[in-house]
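Counted the way our numbering counts, the sequence shown spans residues 1491 to 1984. Just so you know, even glycine gets a beta-carbon here, dropped at the ideal spot from N, CA and C. Here is the structure we will look at.
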Amino acid sequence: NGDWTNINVDIKGRLFLDLKGNLQFKALGIRNNLELVAGKSSKLGELSAHIRNQSNNFFSTYNVKNAVVTPNDIGINLNDGEEVFADGDQINISNNSSFFKIATEGMGIVTTLLKTGLVEENVYFNDKKNEAVIHAPGVVTGSIEAGTTVVTDITSICTMGYDLATSKEARQEVYQGLKQLKTAVGEDPKKLIPLFIDVISTAATGNSTAEWEEVNDSNTDEGKRSHLASRGVIMTVKTVIAGGAFISRLDDIAESLVKKIDLQKLLMRIEDLSDYQNLEKFLKNASKLSDNDLSDLTKKFNEIFDKLKPSNLEESKKFLERLDNMSFWSGNDSGFRNTISQLHELKDIEGFDKVLIDLASQKTKYIGGKFMLDNIEKRGAKFIDKIGKFEAQVMEGADFAADIKLKTGELFEFKSWKKGTDKPWKAFFSGQGKAYKQFINYLFNISSLEELEYVFDANKVSSMEVKTAFKELFSKKPDEIFKAIVALPFLGQC
C-alpha cells in the first residue's frame, strides 16, 4: 500500500522464488505520499500492481533464477529485431545488465516521471547510449513527456514508460504508434530534426527558447535534439498516450476529423504562431464537448461526407486541412458545433459538395462561404426548404453561378466584401471584373428585380454605403444597366 514515511525510498519490493525457481515480486509498492509533479495525479496502487505483474512476467519469460543473471549469461539478446525509429535511433536494453537491474531502472524512470513529468536525460542521450541500462530514441521520450502535459492522471503514461523496459510487445506498440513519422522521413533520419525545426514555433510547444536553441545547435546531443523537437511537435497536436498505447487521441470528434489529415502535410503548411494557436484552440475546445455532443456531432459529420460523390470527396475534405480556415474550428459562437449543424441542415441540397469545395479552395471563398452559412441560418428552416440548388448555372456555358437558386427561381448572391478594397469592391462598383459581368448577366436573365437579391455582410459595410456604391455604379454604366432602372432600389442587406 506504499505506507511508509522514509522520503528517501520511493519504491519497496519483496522478492521470492516461485515453484519453478523463478525470481518474482511477492509484493511491490510506491510510497503513497510521493510528491507528484504539479497539477498531476496517479493511481499509485494500480501503477505498483502493474509494475509488479509486468516484472514477474519479464522474469518468468526468461526464467530468471536470481537477481544477478544477465541476458548475455543465458544467450538472450533483448534487442533482437528492434525497429529503427524516425530519428534513426532504436530502443536498446543493456544485455550486460541483470534482469533485476533492468526492472529497477525502469522503476526509476517511472518515479522520476511521477515527480517531475520528465524522462531522465540519460535515457535518450546518444552519448550515454552505451552506458545506459535502458535507452530510448528522443522521438519516443519526447512523446512521453508531451503526454504528461495534456492529461491530469499520468498513470497510463507511467505504465507505458515501465513497459518499454520489460515488454517487447510494448516496444512494438510504440513503434507502430510513431510509424507515421518514419514514413515521412523515409530512410533519411537527418530529415526529421530540420522538419521539426521548420514547423515549430516556440510559444505553442512547451519548449523554452533555450531548448529550441539546443534543437537548432548541431553540437547538441542528437538524442536530446530528437527528444526536444519531438516533444514540441507532439504537444502542438495534442498527442496523448492513453491506455498504455501511443495513439493520437483527440477525443472522438476531433479524432474523426484530424485522422483525415496527413499530419506531416499539415505540419509542413504551418508558417507562424497563429496557426499553432488556432489548432491548439480547436483541440482544446473539442476536448470539452460532452459525450452527447461528441456522439451527435460525429454522426452529423459522417452523414455530411457520406452525401458526397466519390469524385468530390477528397477535394471536399481539403477544408479540414486549410490552416487559413482553422478559426472555423475554434469553438466560438459561429465555430465548430454551429458550422457542423449548418452543413448538416444543407447536406441534401443539390450542389452542397460545391459549398464544401469553396470552403476549402482559398481564404476569400472560405470567408464568403461561412457568411452565406450564417445568413441561411438566420433566415431559418422555411428558407432552407425553399433552396433548390447551390452554385446554380444561370446561363449555359457561363463561368459563374448563383450562390443560391430557390425552387421558385429567385437568385441570391452573398458578398462578404470590405469597402474600398481594389478587388472585388472597387472593381465591381466601377463596372469591371468578373463579379460585375455576373451582375449584368443576371439582369439579362431575370424578368423582375424581385428575382435577384444581393446580400452584403453588415459587419463589413453599412446599408448606406452599399446603396451609395450602387447609385454611383448606375451613373457610371447607365447603358449597361438599363437607363430605365436608374432608380433601382437596394437589393439586399444582411
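query, result
"In this structure, how does DSSP classify Glu1955 when only helix, strand and coil are distinguished?", "helix"
"Identify, in the order they occur along the chain, each residue of the same chain with its Cβ nearer than 6 Å to the Cβ of Ser1906, setting aside the five sequence neighbours on each side.", "Ile1857, Gly1858, Phe1861, Asp1947"
"Tell me whether Phe1960 is buried or exposed, calling it buried when 16 or more other Cβ atoms sit within 10 Å of its Cβ.", "buried"
"If you draw a straight line from the alpha carbon of Gly1461 to that of Pro1627, how long is it in whole angstroms?", "Coverage of the chain is limited to positions 1491 through 1984, which leaves residue 1461 absent and any answer about it impossible."
"Just to confirm the assignment, what range does the alpha helix (DSSP H) spanning Glu1611 have?", "1611-1614"
"Go ahead and pull the three-state DSSP assignment for Ser1531.", "strand"
"Along the chain, where does the alpha helix (DSSP H) that runs through Gly1858 open and close?", "1853-1869"
"Give me whichever residues DSSP pairs with Asn1582 in a beta bridge.", "His1625"
"With DSSP as the reference, label Tyr1926 as helix, strand or coil.", "helix"
"Does the Cβ of Trp1494 have 16 or more other Cβ atoms within 10 Å, making it buried, or fewer, making it exposed?", "exposed"
"Mind checking which residues open and close the alpha helix (DSSP H) that includes Phe1590?", "1589-1606"
"How would you write the range of the beta strand (DSSP E) that Ile1520 sits in, first residue to last?", "1513-1520"
"For the alpha helix (DSSP H) that Gly1878 lies in, which residues bound it at each end?", "From DSSP, Gly1878 is part of no alpha helix (DSSP H) but of the beta strand (DSSP E) over 1877-1882."
"Residues in its own chain within less than 8 Å of Ile1566 by CB, not counting five upstream and five downstream?", "Tyr1552, Asn1585"
"Given that a residue counts as buried once 16 or more other Cβ atoms are within 10 Å of its Cβ, and exposed if not, what is Ile1564?", "exposed"
"Residues in the same chain with beta-carbon distance under 7 Å from Asn1522, minus the five sequence neighbours each way, listed in chain order, please.", "Asn1491, Gly1492, Asp1493, Leu1534"
"Quick one: what does DSSP say Gly1713 is sitting in, helix, strand or coil?", "helix"
"Ignore the nearest five residues each way along the sequence and tell me which others in Lys1897's own chain have a CB closer than 8 Å to its CB.", "Lys1876, Ile1877, Gly1878"
"Between Asp1500 and Leu1524, which are expected to be in contact by the criterion C-beta below 8 Å, what is the C-beta distance as a whole number of angstroms?", "6 Å"
"Quick one: is Glu1595 buried, meaning 16 or more other Cβ sit within 10 Å of its Cβ, or exposed?", "buried"
"Can you give me the start and stop residues for the beta strand (DSSP E) that Leu1901 sits inside?", "1901-1905"
"Please confirm if the region 1506-1521 is in contact with the region 1538-1551, defined as three or more CB-CB distances below 8 Å between the two stretches.", "yes"
"Does Tyr1552 come out as helix, strand or coil in the three-state DSSP assignment?", "coil"
"Can you name, in chain order, every residue of its own chain whose Cβ lies under 6 Å from the Cβ of Met1758, other than the five neighbours on each side?", "Confidence at Met1758 is low in this model, with a pLDDT of 49, below 50, so the placement of that residue should be treated as unreliable; the coordinate-derived value is given next. Correct list: empty, nothing qualifies."
"Verify whether the separation of the beta carbon atoms of Ile1874 and Glu1840 is less than 7 Å.", "no"
"Would you call the region 1640-1649 in contact with the region 1603-1614, where contact means no fewer than 3 C-beta pairs closer than 8 Å?", "yes"
"Nearest-angstrom Cα distance between Ser1587 and Val1558?", "8 Å"
"Quick one: residues in its chain with C-beta nearer than 6 Å to the C-beta of Ile1644, no 5 flanking neighbours on either side, listed in chain order?", "Lys1530, Ser1532, Thr1638"
"Give the straight-line distance between the Cα atoms of Glu1663 and Phe1791, rounded to the nearest whole angstrom.", "30 Å"
"Just checking my contact of Ile1583 with Asn1562 at CB under 8 Å: how many whole Å lie between their CB atoms?", "So it is not a contact: roughly 12 Å between Cβ atoms."
"DSSP state of Asp1577, grouped into three classes?", "coil"
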